[in-house]
Amino acid sequence: MSRVEELGYTTTPETTDLANQIMFCLVNKYSIEEIMDITRKNSSKNIYIMVSKRNPEKVSLFVDHNGNLSYCCDDPLLIPIPKKFAVLEPDKDYFEITLKANICLALMRASEKDLHR
346 MSRVEELGYT TTPETTDLAN QIMFCLVNKY SIEEIMDITR KNSSKNIYIM VSKRNPEKVS
406 LFVDHNGNLS YCCDDPLLIP IPKKFAVLEP DKDYFEITLK ANICLALMRA SEKDLHR
């Protein structure tokens, strides 16, 4: 049994399609390298993907300079960018995987503690 199954998170084809669409729109707006660079340059701050489930084409990145933002799995989504594979152990492939995983987890309404950091 996987960790996702253990925690009771389930996905649907619609959720998977929406996660893929959000990721597609995100990497069309910012390359993975750009996102990693933004994350490295702001390593002491939280960085979020902000996107509406109804309009995934309007995806944006926000650097939380004041510490006022927090994870939100309602609409609009505020999904934290994972830092481990951008800052601590730079690896583009793992970064991309954990980024997409956070998008999927947010769409499944996962607890913040279950997201990649």
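So the sequence shown is numbered by my numbering: it starts at 346 and just counts up by one. Ideal Cβ positions, reconstructed from N, Cα and C, are used throughout, including at glycine. A quick note: this is a predicted structure, and the numbers were derived from the prediction, not measured.
Burial of Asn447 is indicated by the presence of at least 16 other C-beta atoms within 10 angstroms of its C-beta.
Burial state of Pro425 is buried, judged by a 10 Å Cβ sphere holding 16 or more other Cβ atoms.
When C-beta atoms of the stretch 390-410 are compared with those of the stretch 434-442, fewer than three pairs fall below 8 angstroms, so the two segments do not count as touching. Taking 7 angstroms as the cut-off, the beta carbon of Met453 is found no closer than this to the beta carbon of Thr384. Shown here, Ile426 sits in coil according to DSSP, grouped into three states, outside any helix or strand. Within the same chain, and ignoring the five residues on either side of Val432 in sequence, the residues whose Cβ sits closer than 8 angstroms to its Cβ are Thr384, Arg385, Ser388. In this structure, Tyr416 keeps its C-beta atom at 7 angstroms or more from the C-beta atom of Glu378.
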